[in-house]
Amino acid sequence: MALFPGKTLNPLDTAIASFGNGEAAKVDRCVRVGNLALISGWTTAAPDIAIRGTFFSQRYPREDVEREIGPAGSGFLKACHLPGPARHLDLQLRVGRQRYRSRIEISDDPAIIEALGIEQQALLPELWAAAQQILPETATALSQVFRLTMPAAAGGEPLVVNEKTAAAEHQPAMPLKAESQTPPSAAAAIDEIIQIGQSGFLVVGWCITTEPATAKLLLTFHPQAEVDLLDDAYRVARPDLVDALGPMIRTQAAQAGFLSYVRSPSEQAPLNLSVRFELEGSSIEMPPLPTVKRFDHPIDATHELLKHFHPGGQEMLTLLDHQLGPAIANLPFRHSGDTQSELIRFGEAPAEPKVSLIVPLYGRYDFVEFQLSQFANDPDFHTAVDLIYVLDDPRLSEGFRDCCAAVAPIYEVPFSALLSRDHLGYAGANNLGVAQARADLLILLNSDVIPSQSGWVTAMLERFQAHPDCGALGVRLLYPDDALQHDGMLFKRLPSLGNLWINDHPGKGLPAMPVDPEQALVPVAAATAACLMLRKADLLSIGGLDEGYIIGDFEDSDLCLALRQQGKRSYVARDVQLYHLERQSQALFADRNWRDKITVYNCWRHSRKWDALISQLCAAEAL
Amino acid sequence: MRVLMIAHGHPSLIKGGGEIAAYQLFKELRERGIDAYLLAATREDALQHGGTPFSMLRPHEILFHGQMRDYFNLSPDSLRVVWHDFRQLLAQLQPDAIHFHHILHLGTQFIREAARYRANAGKPVRLIFTLHEYLPICANDGQMVMFDSNELCTEASPTRCAYCLKLRPPRPRTPEELFLRERLIRAAFSLIDHFIAPSAFLRQTYQRWGLSQPISVIDNGLPPMQPLAPRPLQPGQPRARFAYLGQINRYKGVQILLEAIGFLEPKLREQVQIDIHGCGLVDQDEALQQQIEALRQRYPSQLHIHGRYDRDELGRLFNEIDTLVLPSIWWENSPLVLQEAKGYGRPMICSDIGGMQEKVTDGVDGLRFSRGSAASLARAMQRAADPELWEQLRKGIKAPDSIQITAEQVLGLYTEASPGA
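Residue numbers (this note's numbering), protein chains in the order written: chain A, 1 to 623; chain U, 624 to 1044.
The structure is reproduced here in structure tokens:
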């Protein structure tokens, strides 16, 4: 069995064994002449190719190799004796103390034999002389095949076995034209290692075996602990490997890649990482591993992690359940409990507010003036509301302070500005605001929600208090064109997304149907937190909004479900209508693709957390 | 009684209908012994003092040097000038009525500050707003004309407006932005006690838009003018001297007047003389400039394009012509030039839409033609050239509302009790 670690294979490295530290080797031709095999190719300085039965080995300068990889590269010609009618030749590659094995095909093609003869013309006399020493009949065959005119006195040149071991420093081998496809029998590489907080790493790489065999990639880290990266790894297609290693691995390539979340048993950052490649008893050390990627902010880490994630289908769930999901969950996101914030008060707040209204801000704060221009005309905001803006975006702190100071004297709506030192995400920002809330009742409000008329806070209050079992009260939200945006949410499975539960907005984009004032309060599965009233005590009893959702999504239905678990229901007051400029906040993310992936992650998390309760609620609904 | 008149410009610096109307009213109030002050916005930075946004042009005439880059939302660059400087101005003047003529170059926030003053003044204070065009409704320069097609627009909505403005420089606007703009303006407008519309059409348009406060139709009165004698004619000569007076831009439809020459009957086409008085052509887009230049070259002996004129030249200008043409393709409100034509005793031809059509009664004091149609305008000109009909129209002209009438009506609003008081 042959092992061949292909570290930095790229699609152009056709049939090149590349060792990752800049060392590379390639066999160009392997032909049969009588009972000899002649092997030509090139290597960088360090690698040596050993073949059983070799009686001739000569290195020589090769212009093309030097041009591509520098002076360390040189060509070789080797000859070995073939004991029988073998079709393959086993090679051992030596790089320093490491040994790799590979198997190549022996060609009988006259055209290739002739090509080798033309290329190696200069060395053929020496080869002939060496053959003459030990296998006279073979020397005859050589002279016939290559039409050699031999010098009368053939010198007995000793075999040259290159024993260079010093690793030369130079650029990785560049591609040379391949003329024989000699894929390795097994190969593996580690592409990326991403640190996941203190909890471990996500390892990304690939591994193929051309023969049915069980390979192991054993990761060792401090303290002594070994984990098989391939065990329970998520396998992904690596079509790029087909180009690199040849069409023979086409079937394997479909499953060649892997992602593996390795949990570190220790709180300490692992010190020494190494990977051993094991295949049916053979075992080699992988070349030095890539530098572990570490990210200052977990958001950047999720960006990196989600590069390897392509939403859709059942397979997605496997990846989320076993690798990506736990990895993201273990990133050291900041939480509201351990972040600092700055509180600035503007105007004289009502002494005994009935409602604390919390508006998180991220990415932009120009909505503040638009909202204040509406709130200013509403008596509630001068007598009953404790308005709290939470800036969850430290980049904007300075501009936000100035903005507040500029608009506050015009609109004279008292409010608090709470500036978070960290970006916490939607849940964290709200929780930070809740900690400052002075009223027993809360309204969570998006900054892009604009009231359609004054008195809406009192209207919500009345409806909330009329129903003792009410835990969360949403409202009817409209787009600026008066199309319905939210009238309550329900849970639906989405087949194209691994059958996860999603929050459906029935009627979205359609005309908002008139409501009978007597039946305007409707029980719903969940209501959006774009505008949601609830008791502060209830929220605190469930531990606040769940900060495990990244950036923001699903916290509202999570909240409604958590309250539901305590027997408190969610309602929507369809006769209280506000406008929601939903698109404005979605446009904040330059990388839509990444944002969509985050949504899928949050959706997965929400589904896994609440599957039982949602199923139960949906079943009850169906009866 | 002390009144603060607030306008978006001062006619000594910029000549626009709204600016002139505000200024005339201010002057008339002072004539009547009302302690009126004018606060007029200007973009002339060179006139500004350091450390204050205010300067004086004449006694009681205050200039406001604000910066407004956000024309879309009509918001000043700095709100401090509102809650610091304008607040100080109000505290110092202690007006009994604050009469806005615009918020352009000022900001919606000035209305809110005025309302704050009203709430804390300890005396009844009236907030009056004279509407001069449709800027609060329409982000396409307040014209209510579709940006790309020049079609008339009758209704604003975030979606429709975003569609209309999608090609408008400097950038397209989303429905959400248009919605927010509207909410901001409406919230400020809700603080006004009483609106004034110089035409019934304007009132109707704002009522349809949802203004719930009373809107009085009071025309922008002008100081009295002396009707001029008809231009003497040789026997058999037609009334073939037409003129356009005013700004030149694509909404004013000057190009339609020029095109109409081609639709005149050959005889009149030979005799017709058209004078264009006004500035602004150089600021217009190249297509319009080229169109006008081509027509000028085609009718070199009929067409005379003059530059800007001063108000005290009006008598001379009207004296040289027979009929005023106002071919606007936008609704207009109550164009001052129609009142001036009436004042000087000259029949008018105008488009049959909006605020202008109610100022011209077809066949009585002028003629109307089908908006945007050069052929229809040519037919009207053909008719007006007939000395007999022309004389009949001239006799049909009624003197326009004088500034005295306007001032009396407006003063009534200043002293009217607040609905809540």
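Virtual Cβ for every residue (Gly too), placed ideally from N, Cα, C.
- Among Leu561/A, Asp469/A, Ile443/A, Val449/A, which residue has its Cα nearest to the Cα of Met460/A? Ile443/A
Residue range of the beta strand (DSSP E) that includes Trp501/A
500-504
query: Assuming Thr409/A and Thr383/A make a contact with CB atoms under 8 angstroms, what is their CB distance in whole Å?
result: For clarity, residue 409/A is Pro in the given sequence; the question names Thr instead. Not a contact, Cβ separation roughly 19 angstroms.
Cβ contact check for the segment 924-932 of chain U and the segment 606-617 of chain A: 3 or more pairs under 8 angstroms: no
* To do: With 7 angstroms as the limit, tell me which residues of the segment 475-499 of chain A have their beta carbon closer than that to any beta carbon of chain U; keep them in chain order.
  => Pro480, Asp481
Q) For Trp42/A versus Arg67/A, is the C-beta distance shorter than 8 angstroms? A) no
May I have the straight-line CA-CA distance separating Ser839/U from Ile819/U, to the nearest angstrom? 5 angstroms
* Among the residues of its own chain, which have a CB less than 7 angstroms from the CB of Ile190/A, if the five just before and after it don't count? -> Val203, Gly205, Val275, Met286, Leu289, Pro290
(Q) Using C-beta distances below 8 angstroms, list every residue in its chain close to Glu736/U, excluding the 5 sequence neighbours before and after it, in chain order. (A) Val705, Trp706, Phe709, Arg710, Leu713
### Query
Which residues does DSSP pair with Cys30/A in a beta bridge?
Ile39/A
- Hey, could you find the ends of the alpha helix (DSSP H) Pro879/U is sitting in? Reading off the sequence, residue 879/U comes out as Ile, not Pro. Looking at the DSSP string, the run of the alpha helix (DSSP H) that includes Ile879/U is 877-883.
Chain-order list of residues whose beta-carbon lies under 6 angstroms from that of Gly117/A (same chain, five-residue window excluded): Phe146
* Anyone know if the C-beta pair for Thr946/U and Phe886/U falls short of 8 angstroms? -> no
Residues sharing a beta bridge with His900/U, DSSP = Leu868/U
Would you verify that the beta carbon of Glu778/U is, or is not, closer than 8 angstroms to some beta carbon of chain A? no
TODO: Report the partner residues of Leu532/A according to the DSSP bridge assignment.
DONE: Leu444/A, Gly474/A
Measure the CB-CB distance between Gly938/U and His755/U and report whether it falls below 8 angstroms. no
Ser772/U (DSSP reduced to helix, strand or coil): coil
*In angstroms with no decimal places, state the Cα-to-Cα distance between Gly543/A and Leu241/A.*
48 angstroms
Residue burial classification, Arg692/U (beta-carbon count within 10 angstroms, cutoff 16) | exposed
Thinking C-alpha only, which one of Ser607/A, Glu23/A, Met513/A, Gly567/A is nearest Tyr549/A?
Ser607/A
**Request:** Closer than 8 angstroms by C-beta to Tyr479/A: which residues in its own chain qualify, once you throw out the five before and the five after it? Chain order, please.
**Result:** Gln485, Gly509, Tyr579, His580, Leu581, Glu582
Exercise for review: Using the DSSP secondary-structure output, state which residues sit across from Met489/A in a beta bridge.
Suggested key: Ala526/A
**Asked** Is it right to say Arg1049/U is buried, meaning 16 or more other beta carbons lie within 10 angstroms of its own, or is it exposed?
**Response** An answer regarding residue 1049/U cannot be provided, because it is not within the stretch 624 to 1044 covered by chain U.
(request) Would you mind telling me which residues of chain A sit closer than 8 angstroms to Thr782/U, beta carbon to beta carbon, in chain order? (result) Pro480, Asp481
**Asked** What are the partner residues of Cys784/U, as DSSP defines its beta bridges?
**Response** Looking at the DSSP assignment, Cys784/U forms no beta bridge with any residue, so it has no partner.
Going by beta-carbon coordinates alone, are Val576/A and Arg476/A separated by less than 8 angstroms? yes
Skipping 5 residues on each side, what residues in its chain have a beta carbon closer than 8 angstroms to that of His322/A?
Asp232, Tyr234, Tyr261
Practice task
Using a Cβ-Cβ cut-off of less than 8 angstroms, list which residues of the segment 792-819 of chain U approach chain A; keep chain order.
Solution key: Thr797, Pro798, Glu799, Leu801, Phe802, Leu803, Arg806, Leu807, Ala810, Ala811, Ser813, Leu814
- [ ] Express the C-alpha separation of Ala79/A and Leu36/A in angstroms, rounding to a whole number.
- [x] 7 angstroms
Return yes when the Cβ of Ile39/A is within less than 8 angstroms of the Cβ of Ile51/A, no when it is not. yes
- Cβ neighbour criterion (16 or more within 10 Å) applied to Met489/A: buried
*Mark Met679/U as exposed unless 16 or more other C-beta atoms lie within 10 angstroms of its C-beta, in which case mark it buried.*
exposed
### Task
Inspect the beta-carbon positions of Arg804/U and Asn956/U and report whether they are closer than 8 angstroms.
no
- Query: Can you give the beta carbon distance from Ser87/A to Ile112/A, rounded, assuming they're within the 8 angstroms contact cut?
  - Reply: The displayed chain sequence assigns Arg, not Ser, to residue 87/A. In fact, because the Cβ distance is near 15 angstroms, the residues do not count as touching under 8 angstroms.
Distance, Cα to Cα, Thr458/A vs His467/A? 15 angstroms
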